Each structure stands twice: as structure tokens, then as C-alpha cells.
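Using full-length UniProt numbering, the first residue of the sequence shown is number 1, and each one after it goes up by one.
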Amino acid sequence: MRRSRSGRAFVLAALAAMSGGDADAASRRVADYRPVFLACRDAAGASRLAIRRMRLDGADALLTVDSETLATAVAPAADWRCAETDEAAQASTRFLRALRPQGAAAGFADGRSVSANAGLAHGAGGGSFLTGDLCPSHRPLDRGFLERLAAAAPGAPIALSISGRWLAGHGEDFDWLMEKAKSGALAVSFVDHSYSHPYVRGLAETRNYLMRPGSDLDAEVFATERLLIEKGATPSVFFRFPGLIADAGLLEALRRRHLIALGADAWLVLSPPPRPGSIVLVHPNGNEPAGLRLFERLLASGRLARPFRPIEEAPE
1 MRRSRSGRAF
11 VLAALAAMSG
21 GDADAASRRV
31 ADYRPVFLAC
41 RDAAGASRLA
51 IRRMRLDGAD
61 ALLTVDSETL
71 ATAVAPAADW
81 RCAETDEAAQ
91 ASTRFLRALR
101 PQGAAAGFAD
111 GRSVSANAGL
121 AHGAGGGSFL
131 TGDLCPSHRP
141 LDRGFLERLA
151 AAAPGAPIAL
161 SISGRWLAGH
171 GEDFDWLMEK
181 AKSGALAVSF
191 VDHSYSHPYV
201 RGLAETRNYL
211 MRPGSDLDAE
221 VFATERLLIE
231 KGATPSVFFR
241 FPGLIADAGL
251 LEALRRRHLI
261 ALGADAWLVL
271 SPPPRPGSIV
281 LVHPNGNEPA
291 GLRLFERLLA
301 SGRLARPFRP
311 IEEAPE
């Protein structure tokens with residue numbers, strides 16, 4: 001795994017600055033955030049896996065995963081009795097099969113060391129899996145696009161990939177998204193998209209995005225998860241690499257943190273037209289309006305396979 005004091009310091013310093021600001025006065029407080037892998041049961045006999053432990057507003061808490069549905073929750077640690085586990089013990093669960101699918105290296109073209117579509121790129125079964133990336137942007141969230149989606153398909157599931165820098169600069173937009181989720185207008189899954197989303201225009205893919213020397217995957221992942229939790233959201237078990245670019249080392253490092261890499265076979269401005277089971281990618285962050293227009297044309301003409309399905313159903 002790539003580690004750098006400078007890269008890690010940038011991410012954590014930015015997060016600390018936000019946590020101390022007046023705008024976060026109503027936020028939950030997360031401390032001692034760290035990865036774990038625990039098998040847990042509650043008093044009713046329900047079982048979950050825990051992948052993170054933290055102090056949430058001063059109390060011990062866990063980020064848990066349903067190993068069959070892939071649903072996540074932030075729960076008081078006191079509600080669960082947990083013990084250390086490992087991947088071998090959980091190998092038969094859907095979560096571990098999704099985390100380490102057969103042919104996991106299939107995203108790498110012959111002779112290439114870097115995948116340009118890292119992770120799960122096509123979902124199981126029919127319908128469409130809608131995803132939207134919120135990369136850092138000075139432009140406002142395209143609320144109109146999401147309103148029209150909610151009107152055309154009430155309660156539509158959409159996986160929104162959140163970069164920490166976008167969230168840091170778009171608090172009101174994020175609050176609006178949370179209201180849409182709470183009202184049921186949209187069913188939002190929150191996907192980690194790194195904190196800083198590093199990118200240098202013109203730099204080769206092999207040295208760009210999280211491939212840049214000095215990038216720290218753990219810092220990028222945990223800072224955004226922590227920020228989402230502080231803002232009242234629950235991180236999903238999915239992570240989308242910036243630019244969808246990763247090498248085998250990054251993918252393995254992500255799996256060790258028990259996150260599923262999410263690609264897309266229908267990035268609307270770059271890829272072939274969507275088909276049943278496609279993971280569709282647009283950017284509602286204001287940076288790619290052509291993709292939103294194309295999505296709306298496909299939606300209006302009935303060329304997007306229905307039903308729209310939650311991203312948690314995409315892995316086999």
C-alpha cells in the first residue's frame with residue numbers, strides 16, 4: 001500500500017479543520033476510527049459483520065454489514081457481542097464472494113498493470129444500477145436532475161459516490177440530498193470516492209489519481225467514511241476509485257479494508273449504450289452536463305432497462 005506522511009497529513013489536516021468549524025456544530029463527533037473484522041450477534045440472534053469501530057459522540061460504535069444483503073448500519077457496540085473473524089471463516093457469505101469474486105483480475109487488459117475500469121462494472125440480472133459521482137467541483141449540485149429522476153421514478157435507488165472535498169464544500173447540497181433520502185424521494189446509497197480525489201490534467205494514468213506517488217489509500221478511505229458518519233449518513237461497502245483507475249496493489253489494499261471496488265460499464269459520455277444489468281455512471285456535480293442530458297433522453301425514450309435497482313444487488 002502506498003503511504004506518505006505528506007499525503008496522509010493533507011487529508012487528516014483538512015478533516016480536522018472541518019470538524020472544528022462552526023458549520024459542523026450540529027454534526028456527530030467521530031473519534032478513534034479504525035478498521036476491524038468481527039463476527040457479531042445481537043440479543044435476538046441476528047448476525048452481522050463489523051468492518052469499522054469508532055467512538056461516536058463519546059460512545060463505542062460499529063459500522064456493520066449484513067453479509068447477505070450488503071446493507072450497512074452504524075450501531076452502538078453495546079448492542080452486539082463480537083469476536084474476531086477472518087476471510088476464510090466468512091468465505092461462504094455473499095459479502096466475501098463480492099469482495100473476492102472469481103476472475104477478480106479480469107478488469108486488467110492483456111499486458112496492462114492498471115485497470116481503467118477498476119472493480120465491479122456490470123451487475124447481476126436485469127434492470128439498471130444508477131450511480132452518480134460527486135467529484136470535487138466548484139459548481140453546485142444539479143438538484144434539478146435529481147428532482148426529475150425522483151419525479152420520473154419515485155424512490156429510485158441511486159448510489160452517489162462522495163468525495164470528501166466535495167462534501168466539505170457543499171454542505172447545503174449534502175443536507176438537501178439527506179432530506180431527499182429521508183423523505184423517500186430517492187433511495188441513496190453513499191459510496192466512498194476518496195477524500196481528495198487527486199488528479200493532475202495531462203499526467204499519465206499510471207501516475208495519476210490514487211496511483212500518484214504519496215497517495216495514502218487508508219487516509220483517503222477513512223476520512224470520507226468518518227465525514228459521512230459525522231454528517232448522519234451511513235457509508236456503503238462500495239468504493240469507487242477516482243477516474244475508475246487502480247492497479248492490482250490498490251485493489252488488494254481496498255479488499256483488505258473490506259470494501260468492494262465499483263466500476264461502470266455505462267459511463268454515459270464515454271462508454272457504449274447501457275444494457276440490462278449496466279452500472280450507469282453520470283456526474284451530478286456540475287462537471288459533466290452532457291452525461292445528464294443523455295441520461296434524461298434515455299430515460300424519456302425508455303432505453304434504460306427497468307427496474308432501477310439498488311447497488312447492493314449488483315454483485316452475484
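All C-beta atoms in this analysis are idealised placements derived from N, C-alpha and C, irrespective of residue type, glycine included. Computed from a predicted structure; not experimentally measured.
On a Cα-Cα basis, can you pick out the residue from the options that is closest to residue i?
{"i": "alanine 233", "options": "Ala78, Ser189, Asp86, Glu296", "result": "Ser189"}
{"i": "asparagine 285", "options": "Ala248, Ala39, Trp166", "result": "Trp166"}
{"i": "tyrosine 33", "options": "Ala219, Gly132, Ala124", "result": "Ala219"}
{"i": "serine 115", "options": "Leu244, Asp86, Asp79", "result": "Leu244"}
{"i": "leucine 228", "options": "Pro272, Tyr209, Pro242, Leu177", "result": "Leu177"}
{"i": "alanine 314", "options": "Pro276, Gly302, Pro289", "result": "Pro276"}
{"i": "arginine 29", "options": "Pro274, Ala223, Ala253", "result": "Ala223"}
{"i": "valine 280", "options": "Ile158, His197, Glu252, Lys180", "result": "Ile158"}
{"i": "alanine 246", "options": "Leu203, Ala118, Asp60, Asp175", "result": "Ala118"}
{"i": "asparagine 208", "options": "Gln102, Leu268, Pro242, Lys180", "result": "Pro242"}
{"i": "leucine 292", "options": "Trp267, Pro272, Leu203", "result": "Trp267"}
{"i": "glycine 169", "options": "Ala181, Ser196, Ser271", "result": "Ser196"}
{"i": "proline 154", "options": "Ala43, Ala248, Ala181, Gly249", "result": "Ala181"}
{"i": "histidine 283", "options": "Asp133, Gly125, Leu270", "result": "Asp133"}
{"i": "arginine 81", "options": "Pro213, Ala150, Gly302, Arg41", "result": "Arg41"}
{"i": "leucine 254", "options": "Val191, Val221, Val269, Gly202", "result": "Val221"}
{"i": "threonine 72", "options": "Val191, Leu203, Ala152, Pro198", "result": "Val191"}
{"i": "aspartate 173", "options": "Ala150, Gly144, Ala152", "result": "Gly144"}
Should residue i go down as buried or exposed, given a rule of 16 or more other Cβ atoms within 10 Å for buried?
{"i": "glutamate 68", "result": "exposed"}
{"i": "alanine 25", "result": "Note that alanine 25 scores a pLDDT of 42, beneath 50, so its modelled location is shaky and nothing firm can be said."}
{"i": "alanine 78", "result": "exposed"}
{"i": "residue 317", "result": "The structure shown has nothing for residue 317, since the chain only spans 1 to 316."}
{"i": "histidine 138", "result": "exposed"}
{"i": "leucine 251", "result": "buried"}
{"i": "arginine 226", "result": "buried"}
{"i": "proline 272", "result": "exposed"}
{"i": "glutamate 316", "result": "exposed"}
{"i": "alanine 43", "result": "exposed"}
{"i": "aspartate 142", "result": "buried"}
{"i": "alanine 305", "result": "buried"}
Nearest-angstrom Cα distance between residue i and residue j?
{"i": "histidine 193", "j": "alanine 89", "result": "29 Å"}
{"i": "proline 211", "j": "glycine 45", "result": "At residue 211 the sequence reads methionine, which differs from the proline that was named. About 43 Å."}
{"i": "proline 235", "j": "alanine 75", "result": "13 Å"}
{"i": "alanine 310", "j": "phenylalanine 37", "result": "What sits at residue 310 in the sequence shown is proline, not alanine. One C-alpha to the other measures close to 25 Å."}
{"i": "alanine 300", "j": "glycine 171", "result": "31 Å"}
{"i": "histidine 122", "j": "alanine 31", "result": "36 Å"}
{"i": "isoleucine 51", "j": "serine 161", "result": "19 Å"}
{"i": "cysteine 135", "j": "arginine 240", "result": "11 Å"}
{"i": "glycine 263", "j": "serine 278", "result": "10 Å"}
{"i": "glutamate 147", "j": "alanine 83", "result": "44 Å"}
{"i": "aspartate 60", "j": "alanine 290", "result": "45 Å"}
{"i": "arginine 100", "j": "arginine 48", "result": "19 Å"}
{"i": "alanine 39", "j": "arginine 55", "result": "19 Å"}
{"i": "phenylalanine 295", "j": "glutamate 179", "result": "23 Å"}
{"i": "aspartate 216", "j": "glutamate 205", "result": "17 Å"}
{"i": "residue 355", "j": "leucine 62", "result": "No answer is possible for residue 355: the residues shown for the chain start at 1 and end at 316."}
{"i": "aspartate 86", "j": "leucine 298", "result": "44 Å"}
{"i": "aspartate 57", "j": "lysine 231", "result": "12 Å"}
{"i": "leucine 70", "j": "leucine 120", "result": "14 Å"}
{"i": "alanine 248", "j": "proline 213", "result": "15 Å"}
Identify the residues that DSSP records as bridge partners of residue i: which are they?
{"i": "methionine 211", "result": "According to DSSP, which records beta bridges pairwise, methionine 211 is partnered with nothing at all."}
{"i": "proline 235", "result": "Phe190"}
{"i": "leucine 62", "result": "Arg53, Ala75"}
{"i": "arginine 48", "result": "Cys40"}
{"i": "proline 274", "result": "Answer by DSSP bridge pairing: none, since proline 274 is not bridged."}
Is the CB of residue i under 9 Å away from at least one CB in chain C?
{"i": "alanine 261", "result": "Included in the structure is just one protein chain, with no chain C present."}
(request) Evaluate contact between the segment 86-106 and the segment 50-67, counting only Cβ atoms and requiring at least three cross-stretch pairs below 8 Å. (result) By the Cβ rule, the segment 86-106 counts as touching the segment 50-67, because three or more pairs are nearer than 8 Å.
(request) Decide yes or no for the touch test of the segment 246-259 against the segment 170-185: beta carbon pairs closer than 8 Å, at least 3 of them. (result) no
(message) If contact is defined by three or more beta carbon pairs under 8 Å, each pair taking one atom from either stretch, is the segment 123-133 in contact with the segment 296-310?
(response) yes
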